[in-house]
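With the first letter of the sequence shown counted as 1, position 111 gets the number 111 in this note's numbering; the numbers rise by one all the way through.
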Amino acid sequence: MNLPHFTFLLGLIVVACLTYFLHECAHGLAYFYFEIDFDLKLNTIVLQKDNLFLTQFQKSVIYGSGVGFTFLQGVTGFLLVKKGSSNFGFFLLLSAAVFRWAATLQGIWTGSDEIQMSIAMGLPTTFWPLLVSLSFL
Numbered sequence: 001m002n003l004p005h006f007t008f009l010l011g012l013i014v015v016a017c018l019t020y021f022l023h024e025c026a027h028g029l030a031y032f033y034f035e036i037d038f039d040l041k042l043n044t045i046v047l048q049k050d051n052l053f054l055t056q057f058q059k060s061v062i063y064g065s066g067v068g069f070t071f072l073q074g075v076t077g078f079l080l081v082k083k084g085s086s087n088f089g090f091f092l093l094l095s096a097a098v099f100r101w102a103a104t105l106q107g108i109w110t111g112s113d114e115i116q117m118s119i120a121m122g123l124p125t126t127f128w129p130l131l132v133s134l135s136f137l
């Protein structure tokens with residue numbers, strides 16, 4: 001493998017890992033805002049209390065923070081690609097798209113952010129996952 005391909009692949013992997021971690025940090029900021037004790041792990045957040053009651057508003061903010069972060073990441077990536085910073089913008093855009101699509105597929109087995117947002121907003125559980133899936137067309 002030559003150097004340009006290696007650096008491209010390495011950049012994509014680094015941005016993807018950073019995206020995943022920062023997505024969890026966005027959830028952590030929402031928990032911090034509501035003064036809920038949590039531990040931020042590398043790939044997830046663990047709450048200190050098991051039987052924690054959250055209001056619908058709190059759930060919307062907490063689950064929406066990750067989705068909002070990824071949305072802003074996608075917009076930033078799109079704007080960078082349009083501006084000419086193609087590699088980094090492409091990395092941001094691709095990792096945002098792949099992670100949201102993977103989360104939508106994961107939602108079939110467990111509750112993804114999109115499904116939790118739909119429930120918290122009183123919408124059908126398929127509302128946000130379908131909206132995210134349609135955005136890939």
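Idealized CB from N, CA, C, for every residue including glycine. Values in this document were obtained by computation on a predicted structure and should not be read as measured data.
Judged by DSSP in its simplified three-state form, ASP39 adopts strand. Non-local beta-carbon contacts of THR104 in its own chain, meaning distances under 7 Å to residues more than five positions away in sequence, involve SER112, GLU114, PRO129, VAL132, SER133 in chain order. By the Cβ rule, the stretch 82 to 97 does not count as touching the stretch 33 to 51, because fewer than three pairs are nearer than 8 Å. The beta carbon of VAL67 sits closer than 8 Å to those of ARG100, ASP113, GLU114, MET117, TRP128, all from its chain and outside the five residues before and after it, given in chain order. The way I'd put it, the stretch 14 to 27 does touch the stretch 62 to 81; three or more beta-carbon pairs between them come closer than 8 Å. Within the same chain, and ignoring the five residues on either side of SER65 in sequence, the residues whose Cβ sits closer than 8 Å to its Cβ are ALA26, HIS27, LEU29, ALA30. In the three-state DSSP reduction, LEU54 falls in the coil class, being neither helix nor strand.
Counting only unbroken stretches of 3 or more residues, no beta strand (DSSP E) element lies wholly within the stretch 79 to 134.
Residues PHE34 of the same chain have their beta carbon placed closer than 6 Å to that of GLN58, with the five preceding and five following residues left out of the count. Non-local C-beta neighbours of VAL15 in its own chain, meaning closer than 6 Å and more than five positions away in sequence, comprise PHE91, SER95, ordered along the chain.
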